[in-house]
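Residue numbers (the working numbering): 88 to 358.
Ideal placement from N, C-alpha and C gives every residue a C-beta, glycine not left out.
What you are looking at is a predicted structure, and each value in this text was computed from that prediction instead of being measured.
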């Protein structure tokens, strides 16, 4: 690759991935406007009484946006220093998923509504306007959930066993009643899930006094256990805010930092 191509590639990278130059900011804002317009078109197309009057215009506009996003994705791949790294990154996967639906729609018409995935690309607004404090909190939340995952999985398994047990007990109490909606174990477990989660659709209700007492107990129980995952994540977040720089990496986003850095250059965390 000659020097001119290298310079052109570097310039393209600064425009597409950078946000410090006026041209880079203009590009990012243009992409965001295109995303908003595309999502708006998807909403309009889901309403036949509106879309019918503007079908041709909406279709043409969607094709134009599809070409734009396709070229943008190819350009990102082209100028990325490590193409595989970009392609497998969070934004790389989202960019690809946001580009594919119009092409998949030729085989599966309903796939076009996957265009709503493009809304995830609006996360770049944090980078464009340098809202580091929000990005910082986002990293904190994601890392806290990640570190709490083992405890959350154990808690989920406990709840799973609990709803199966409660559903079984309710089936034993209500299953033999004439006209009872608890006609089988799956229906009873479904009732336990919606009651314990405090959703309470009301499509399945007990008929006997004992069944209603059990329902009341499950409702109260739901309020006591529903906050446990929040407590687990909150405790982890508090612990993480006390973390210090370890092995030259930010405790929040694990990005590499220098020993003299006051703030993380990746997420803005105060070190």
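- Every alpha helix (DSSP H) stretch that sits fully inside the segment 224-307 and reaches 4 residues is listed by chain position as 272-283.
- Taking all protein chains in view, the Cβ of residue 114 is crowded by 16 or more other Cβ atoms within 10 Å, so the residue is classified as buried.
- CA-to-CA, the gap between residue 274 and residue 150 works out to about 46 Å.
- Closest option to residue 117, judged by alpha-carbon separation, among 128, 103 and 98: 103.
- Excluding five sequence positions before and after residue 152, the CB atoms of its chain that fall closer than 8 Å to its own CB belong to 121, 124, 125 and 128, given in chain order.
- Burial of residue 182 is indicated by the presence of at least 16 other C-beta atoms within 10 angstroms of its C-beta.
- One alpha carbon belongs to residue 250, the other to residue 234, and they sit about 26 Å apart.
- Residue 305 is a Cβ neighbour of residue 283, given a cutoff of 9 Å.
- For residue 157, the uninterrupted alpha helix (DSSP H) run begins and ends at 142-166, by DSSP.
- For residue 111, the CB contacts under 7 Å within the same chain, skipping 5 residues up- and downstream, are 101, 102 and 105 in chain order.
- Remark: C-beta atoms of residue 201 and residue 184 approach each other more closely than 9 Å.
- Under the three-state reduction of DSSP, residue 126 is assigned to helix.
- In this structure, residue 257 sits away from residue 294, with a CB-CB distance that is not shorter than 9 Å.
- Of the residues 303, 278, 239 and 208, the one whose Cα lies closest to the Cα of residue 159 is 208.
- Per the coordinates, the alpha-carbon of residue 287 lies some 30 Å from the alpha-carbon of residue 203.
- Contact check for residue 292 against residue 268 passes: the beta carbons are separated by less than 9 Å.
- Beyond the five residues adjoining it in sequence on each side, residue 310 comes within less than 8 Å, by CB distance, of 285 in the same chain, given in chain order.
- Its chain contains 121 as the residues whose beta carbon lies nearer than 7 Å to that of residue 155, once the 5 sequence neighbours on both sides are disregarded; these appear in chain order.
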